[in-house]
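Report on one structure; see the data block that follows.
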Amino acid sequence: MSSIENEDTHYKVKIELFETNHNYLTAIMLNQAKKAKEEDIGHKFRWIIPAMSFAVFNIESICNLYGSQLIKNWELLESASFLGKVSLVSEKLDLEVDWSKQPWQTIKTMKDFRNALVHLKPKKTAAKYVFVKKTIDLDLVPRYALLIDGYPTNKKSLMSYVSIENMEKFIDAASELERYWSWSCYHKKYDIHRYSTPITEVLNS
Numbered sequence: 000m001s002s003i004e005n006e007d008t009h010y011k012v013k014i015e016l017f018e019t020n021h022n023y024l025t026a027i028m029l030n031q032a033k034k035a036k037e038e039d040i041g042h043k044f045r046w047i048i049p050a051m052s053f054a055v056f057n058i059e060s061i062c063n064l065y066g067s068q069l070i071k072n073w074e075l076l077e078s079a080s081f082l083g084k085v086s087l088v089s090e091k092l093d094l095e096v097d098w099s100k101q102p103w104q105t106i107k108t109m110k111d112f113r114n115a116l117v118h119l120k121p122k123k124t125a126a127k128y129v130f131v132k133k134t135i136d137l138d139l140v141p142r143y144a145l146l147i148d149g150y151p152t153n154k155k156s157l158m159s160y161v162s163i164e165n166m167e168k169f170i171d172a173a174s175e176l177e178r179y180w181s182w183s184c185y186h187k188k189y190d191i192h193r194y195s196t197p198i199t200e201v202l203n204s
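Going by numbering that gives the first Met the number 0, the sequence shown wraps up at 204, each residue one higher than the last.
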């Protein structure tokens, strides 16, 4: 050990950084939302889907941010469900989770959107029936049927979630959940690192 590193004359300080990156996800989410509102009709989905996705990622990241600091052995809950993590942290903070009310209702929809996106696969819609007059040429009947009633829709398909309105609900829910948790931690005097924070310890005081 050199003289500069002599523990008799120098403090030995351990330096770590508690890194939090969820704010990057927030920035991406908001930027995508801004682009969605500026985009032409018919192309907005290219920005809406990423904005909604990053809102979901943001909630997952703040679950880990708060859960890792509030709940012992949080790392063992890595495989817990999206809604399960939201519930665990909320219950730890004595916040009532009611999936029929906001923001919980939207958070539940976010879980469904996430599953539709992650497990994307082709599927048929439920059949519906229309009547086309027999005076129409038989080869043209399918086209006329579509003109009469349009394409069937599937309430559980990815695109059924995609709209500016839902995008804004997702963003609001992600922001509101963090406000709830942050406010509750403040009142309960839980010392939560919400931003990248240096952690230092003098080893030979």
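The C-beta atom is built at its ideal place from N, Cα and C for all residues, glycine as well.
Cβ neighbours of residue 91 within its own chain (closer than 7 Å, five residues either side excluded): 69 and 70.
When the Cα atoms are used, residue 174 and residue 201 turn out to be separated by approximately 37 Å.
A direct Cα-Cα distance of roughly 34 Å separates residue 83 from residue 151. For a cut-off of 8 Å, the C-beta gap from residue 6 to residue 203 is around 5 Å, short enough to register as a contact.
Ranked by Cα distance from residue 172, the first of 80, 56 and 117 is 56. The alpha-carbon of residue 187 is positioned some 30 Å away from that of residue 29. Taking a C-beta distance under 8 Å as the contact criterion, residue 19 and residue 195 qualify as a contact pair.
Here DSSP, grouped into helix, strand and coil, assigns residue 16 to strand. Listed in chain order, the alpha helix (DSSP H) runs fully inside the stretch 148-194 are 163-187, counting runs of at least 4 residues. Burial check for residue 141: the Cβ neighbour count within 10 Å stays below 16, so the residue is exposed. The Cβ atoms of residue 165 and residue 122 do not sit closer than 8 Å to each other. In this structure, the alpha-carbon of residue 190 lies about 18 Å from that of residue 72. For residue 124, the CB contacts under 7 Å within the same chain, skipping 5 residues up- and downstream, are 151, 152 and 153 in chain order.
Looking at the backbone, the Cα of residue 13 and that of residue 198 are separated by about 8 Å.
In the DSSP assignment, residue 198 forms a beta bridge with 15. Membership of residue 103 in the alpha helix (DSSP H) is indicated by the continuous run 103-117. A direct Cα-Cα distance of roughly 11 Å separates residue 143 from residue 133.
Around residue 115, the same chain offers 157 as residues with beta carbons nearer than 6 Å, after the five sequence neighbours per side are excluded.
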